[in-house]
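Using our numbering, the letters of the sequence shown correspond one by one to residues -2 to 756.
Accompanying notes for the structure given below.
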Amino acid sequence: MRRILAFLYIVLLVVMGAATILEKMEGTEYTRSHIYGSWWFVLLWALLAAFGIIWLVKRKVRRWPVVILHASLVLILLGALLTHLTAHKGMVHLRIGQQTNQYIKTDDPHQMAEETLPFTLQLDTFMVMFHDGTAAAADYISVVTLTDGDEMRHDTISMNNILREHNIRLYQSSYDDDGRGSILALNTDPWGVPVTYIGYALLFFSLIYMLIDPKGAFRQLLRHPALKRGVLGLLLIMGNVTSSEAASSTLPSSTADKFGRLLINYNDRICPLQTYAIDFTKKLTGRKSYQGLTAEQVLTGWLFYYEQWCAEPCIKVKGGELNHRLGTDGYASLNDFFDSTTGYKIGPLIQEYYQGNNDALHQQANKADEKLQLIMTLRQGATLRVLPYTDERGKTVWYSPADSIPDTVEAEHKKYITEVFSLMYQDVLAGHDERVNVFLDKMLIYQQQNGGNSLPSKTRVNAERLYNAIPFATILFMVCLTMGFLTLGYFMLRLTRTGKSKLQNRHDESASQKQQTSYKWVLHFSFAIMLLAFLALTLCLALRWVIRGTVPMGNGYETMLLMAWLIMLVSMLTCRWFSIVITFGFLLSGFFLLVAHISNMDPQITHLMPVLQSPLLSIHVSVIMTAYALLALTFLCGVVAVILRFMNRRQNDLLQEQLESLSVLSRLFLYPALTTLGLGIFIGAIWANISWGEYWSWDPKETWALITFMIYAVAAHRQSVPAMRRPMSYHVYMIFAFLSILMTYFGVNYLLGGMHSYA
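Written out as structure tokens, the structure is:
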């Protein structure tokens, strides 16, 4: 029976993992119809549930928390089956002023049919709401009249605000290009959703009770002798500035700083121009500054001293072959991309790139071309949307000097918008810095007087300037990794010496007291450094929260910061019992901060898509990230266990004690991790059901999160899986299990894609 269960379990894991890869190659509809929607896939789940029930009965499991936990999983599967068999999906197209009681049934995209609604809908108004002064959509709103027999009522349908009638749910999905039509998604699932939600409720209850059950495995771990012995308390701790010709072709730092204090509509968000200057400089040079010049000086250098900067080798060029073609050594000037005979040197490569040639050389050329486009759009003034105008209706538009200003703008404002930069440019060239400062002061006043409701608060502006001034991720990853390696070395050295001392029965009370004093000093110092790092990272996340106005969990960069923050928090809370956790915390948080620093994750702060503006999203992401942080600590426990095993080739009592203690520590992280991972996955399912009417869509991220949950659940079944009772086997399993997290977070985001690739 156990072998059959193991076989079905492994087959399901392999099938789901393979399906996500197949989806990348063949498309979503193919995997939905040939795998996820197939009879044999449903049968696999049914067999697993059936044999699981038989196994529980055979083992005479009577503890009600365990029974409820497994019963909840069966209910969730039953709900999914009911949804598969009875739910229907469709689309309703509405035009303003027209009534309809028809919808297009879309269960099978190859056989769509028109069906009748039990009520009539009329679209009264459709609106796209924008963040003030930008083109970033804040919400999509359909105001409808619903007629059901003699009853008539008005309803509003928007993102995360659905309309329910006769077991039918209507969601805002899309709209017509002319703004006079709305497309609603329709979903009806009268049986699957209630059963599934009951399963979710029982699962949530049983997972949480697993942590507080006096007879449960987690509470027994808290009473484990290793916590009292403190066996693992052996811890722990333990660019040049060069001269440049560009320096003489820039505004003074004080004047450039004034320029950076202006506001700009950048990435559909009103923010300090300093933010745009930093992004411009980083994309161009790879750093936030250049040759001792601030980002604002680099930006204004290209804007006002274009000819001189064309000869400045400040454009970072990746790729040896492209550098060879340009005759550069990693940095090129704008002039290096042109010559009198061939013109634009990389022009043919760009043309071939858009014709489908995507090898390394052509990708490098395309990236270089994008950097040159940044310069050209700045030179034209198209990106400098720093001049707002608010009309009589209170609508604000931010213009650049290159924009075509409509006649509805008052003449004096139109004149100021089109001429202010030209006038300021003359004083820049003449070296009249004081007059330039006056221009900038007046421009800031103009923004405040004409920006209307689009202006960010003073608190938000100050928060963003402070955030821009401190490279949090860069500083913290260096601190954390340095402390992590130092404390790991101290730990391994002390552990080895302690082991030899015990094996040889050498007892030196004086030396022991000195070592204990040294250990306590190192531990307190490590804790203090981590506390400071934690406070700094807290400030970083708080600033991003203030700047955007929503919890900082909207992209990969922010979730990496959150992971590091959670790891630090868990480490400080648990180091009282296992001081080695401080080292784990430094290494893992340093790793995630390093990934955020060097990866392609975009740290820019932008408005969230309307569908993501739900409190359930914040709960979903934060709980999932907590689980990943805890599971990362189980991985590091396994790594240390393997290192100890190789350092001590011969088995001895001390080694076994150390491995067992590490397994206790690992399982202390495992149980809360499983709880938070389960909660996070299915809270996400509830959010999806509320947002677009489908609580489980077999998206690659959802699928790999489920795979991860199932893989780690094996480690909690110590009675059914004897290998999990052997410390070394357990640790090796946890090391390989961590690969599923890497696939879930990085593999899906950057290789497989899907709806969750924005994370």
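Beta carbons are placed, not taken as given, at the ideal position from N, Cα and C, and that holds for glycine.
Leaving out five residues before and five after residue i in sequence, what residues of the same chain have Cβ atoms less than 8 Å from its Cβ?
i	result
residue 419	398
residue 314	320, 323, 325, 327, 328, 329, 361, 365
residue 33	16, 695
residue 335	341, 342
residue 192	72, 75, 76, 79
Quick check on the burial criterion: 16 or more other C-beta atoms within 10 angstroms. Buried or exposed for residue i?
i	result
residue 541	buried
residue 549	buried
residue 535	exposed
residue 95	exposed
residue 209	exposed
residue 379	exposed
residue 669	buried
residue 292	buried
residue 597	In this predicted model, residue 597 has a pLDDT of only 43, less than 50, meaning its place in the structure is not dependable enough to derive any value.
residue 682	buried
residue 251	exposed
residue 15	exposed
residue 31	exposed
residue 237	Only weak support exists for where residue 237 lies, its pLDDT of 38 falling under 50; the coordinates are left without a value.
residue 450	exposed
residue 748	exposed
residue 35	exposed
residue 521	exposed
residue 728	buried
residue 8	exposed
residue 733	exposed
residue 309	buried
Residue j and residue i - do their beta-carbons sit closer together than 7 Å?
i	j	result
residue 702	residue 692	no
residue 88	residue 73	no
residue 557	residue 622	no
residue 83	residue 188	yes
residue 712	residue 659	no
residue 525	residue 554	no
residue 385	residue 448	yes
residue 342	residue 281	no
residue 443	residue 414	no
residue 332	residue 311	no
residue 197	residue 679	yes
residue 617	residue 677	yes
Please work out which residues of its chain come closer than 6 Å, Cβ to Cβ, to residue i, disregarding the five sequence neighbours upstream and downstream, and give them in chain order.
i	result
residue 641	655
residue 115	163
residue 571	578
residue 13	700, 704
residue 722	715
residue 90	180
residue 819	No information on residue 819 is available, as it lies outside the stretch -2 to 756 that the chain covers here.
Who are the near neighbours of residue i in its chain, counting only those whose CB is closer than 7 Å to its CB and skipping five residues on each side?
i	result
residue 421	433, 436
residue 527	565, 568, 569, 579, 582, 583
residue 275	285, 292, 465
residue 740	701
residue 458	269
residue 272	263, 461, 465
residue 477	530, 583, 586, 587, 590
residue 67	49, 53
residue 152	141, 143, 160
residue 55	-2
Please name the residue or residues paired with residue i in a DSSP beta bridge.
i	result
residue 111	101
residue 123	139
residue 148	145
residue 171	180
residue 732	BP columns for residue 732 are empty, so no partner.
residue 165	162, 185
residue 313	328
residue 386	394
residue 118	97, 143
residue 823	This structure cannot speak to residue 823, because the chain is shown only from -2 to 756.
residue 342	Answer is none; residue 342 lacks a bridge partner.
residue 155	138, 158
residue 87	102, 183
residue 290	287
Report task. Please list the segments of the beta strand (DSSP E) lying wholly inside the region 244 to 268, counting only runs of 3 or more residues, in order along the chain. Result -> 260 to 263
Query raised in the report: Which full runs of the alpha helix (DSSP H) of 4+ residues lie inside the region 389 to 453, going along the chain?
Result: 408 to 427, 430 to 447
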